Amino acid sequence: MTKPQLLLDQLPVELIFNIFTYLNTAEILHSFYSFSRYLRKCIRNYDGYKVNLNAVSKRQFDRIFRAIRPEQIVTLTLCDDEETPGQMSLFFTLFPAFEQSFTRLECLHIRNVEACPILHPMNVLHTISIDFVQWPVHSFGIANIQQFDEKFASIFRLPTLRRLILNKESVNNRFNIQILPTNENITQFEIHLRTIDNLSLLFKCFPNIQRLAFSLNTTSVDDDFTSEFRIPRSLTHLTMKVSFGLRDEIKRILQSCPMLIYLNIHIEWKQMDTLQWIDANWWQSVVEEFLPRLAIFRLRVDIPSSSELNITNDSLKGFKTQFWANRSFTIGMMPFDTLPVDCRREPIENKVLTINLASSPVITFPNAEILKLEHVTNSETTCYVISQLVETQRYMNDFSVLGHLILQSTCAVTSSVLTQLISISPCLTRLTISSFNLQLHPLLNSKYPQIRWLDMRREYLPKKFRTSLCSAFPCLEHLMNCYLYDEVYLEILLENLKDLQNLTTRILSYYFEDDGELDHWLRTHTRLKNFAFKLIDHRQILLWISN
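For the sequence shown, UniProt numbering gives the first residue as 1, with consecutive numbering after it.
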């Protein structure tokens, strides 16, 4: 019988490369690197790698850059968060001449731009996507803000940049739009806006913009905000999500966009008057008067209450006229509370289910990936303990995709219930506990090897439970927000959790003066040799470990 590796070795290199286009870098290396000499040669010659370093282990990070060269990478995601702390610093230490090394890089995705150095011009880099994360308090000093502004402005100056995406800006101190330079090369831009007043400034930065997507969080503070509005005639595609906004403001924007051929508007449920947004006559007048070239129009309106559904169905009849029937226009609505108020699912693609065990009616819901359990009443302040699995089973008909269990501070489970829940939830690997009180301590009497990710929500680990925690979760890879009383606790955790990949902690009675002192302490007091870290305010430590 022909060996499978010999069959693969007979495939032409062009076909092997075509297979690689459907896989990420980690999958390619894991599946093919040790398969045969021929495939290793293909891996070393392939020049279309898409490297995503989000949530990778330190060992995977090391393996990727031992196996491939920087000039083979066309798409790169760098991530410096609590699961990969210190990654950005380590990366730019390995590749100090970043612009000269990654000569074929086309797309760069940065998570936490604060940790990224100033970028210099590159040959073919045309797309940059930035995920903002919550800044620590110490980042709001004047020097830090000025450094951030300079770094951010340098991105706008990149001559090859064509597309720029800024995600989650709403969680941060607003950046200074007025210091941004003009870039005539950028044609696609996505951003979250705190106020519509900043739009005119952005258009000055992008005089040749063709595609713009933005989400609007507040209304204008300037009644005459469009008096100096100069929307480039190059703008043909506009996508907007309106959390808070006035219909008149949207109209004033659209009347300045006569060249639009594509318009996508999502009106979220937090509006004072939802029905005004599904007025077919108003939308028809806007399209006919201001948007003569419009070919595709998509409107989605989130209804704040399912009780309003009949009213809005009547309102939608206006969109059934000949004007709307002859065009590629899509009009839709979605009720926000499709579930009872006390057990409303968060509107994140129906993946999260929150149940208040004290008041939620017994209704069977579809399966969810994240299950939040709480017990909130007006009189009780004690923690409620779930002692039978049926207390959760009556709310869900299938646990096959459940991956994360979150126990709020008012709710706990017995070790028996957690064991049973894990046994019927093959994907359940994440556990969040919001308190470490007496009801939760008995959990540590059992073992849960399936749990790989534990978040303790900044609770301090009592002395008598520091070793039993390691025994209860022997395969733990991620230990988040586990606060410790002294450095001995940290030694014990690092010694006993053999599979640990990252740890975020705060030590109450011990502090490190600087990065050098922490690095020396870790190398002399623990078994760690290959790691990266971030030290925040001398006591808070984020570790990224290769075990």
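Don't be surprised by glycine CBs; every beta carbon is placed ideally from N, CA and C.
No experiment lies behind these values; they were computed from the predicted model shown.
| query | result |
| --- | --- |
| Beta-bridge pairing of T75 - partner residues as DSSP gives them | K50, C107 |
| Closest residue to A280 among L316, I253, F512 (Cα-Cα distance) | L316 |
| At least three beta-carbon pairs within less than 8 Å, the stretch 369-377 to the stretch 404-414 | yes |
| Enclosing beta strand (DSSP E) for Y384 [first to last residue] | 384-386 |
| Proximity of L357 and I331 at Cβ, strictly below 9 Å | no |
| beta-carbon N326 near the ligand FMN non-hydrogen atom, thresh 8 Å | Annotation note on the ligand FMN: not contained in the displayed structure, which lists no ligands. |
| Contact check, I231 vs I261, beta carbons under 9 Å | no |
| Sequence-distant residues of its chain with Cβ nearer than 6 Å to R163 (five each side left out) | T127, Q188 |
| Start and end residues, alpha helix (DSSP H) containing I231 | No alpha helix (DSSP H) contains I231, which DSSP labels as neither H nor E. |
| In DSSP terms, what S129 is bridged to | H109, I165 |
| L357 - DSSP class collapsed to helix/strand/coil | coil |
| Cα-Cα separation, D515 to K204 | 42 Å |
| Residue nearest to S263 in terms of C-alpha spacing, selected from D248, W269, R300 | The sequence shown places Leu at residue 263, not Ser. Comparing Cα-Cα distances from L263 to each of D248, W269, R300, the minimum goes to R300. |
| Span separating the alpha-carbon of I19 from that of I142 | 50 Å |
| Bridge partner(s) assigned by DSSP for W544 | N502, A532 |
| DSSP beta-bridge partners of K241 | S215, H266 |
| Proximity below 9 Å, CB of V56 to CB of T84 | yes |
| Secondary structure of S328, DSSP reduced to three states | strand |
| For A55, the three-state DSSP class (helix, strand or coil) | coil |
| Residues of its chain near F156, where Cβ-Cβ distance is below 6 Å and the 5 sequence neighbours each way are ignored | L180, P181, N183 |
| Euclidean distance between Cα positions of D149 and D131 | 16 Å |
| For I492 and H525, the rounded distance between their alpha carbons | 10 Å |
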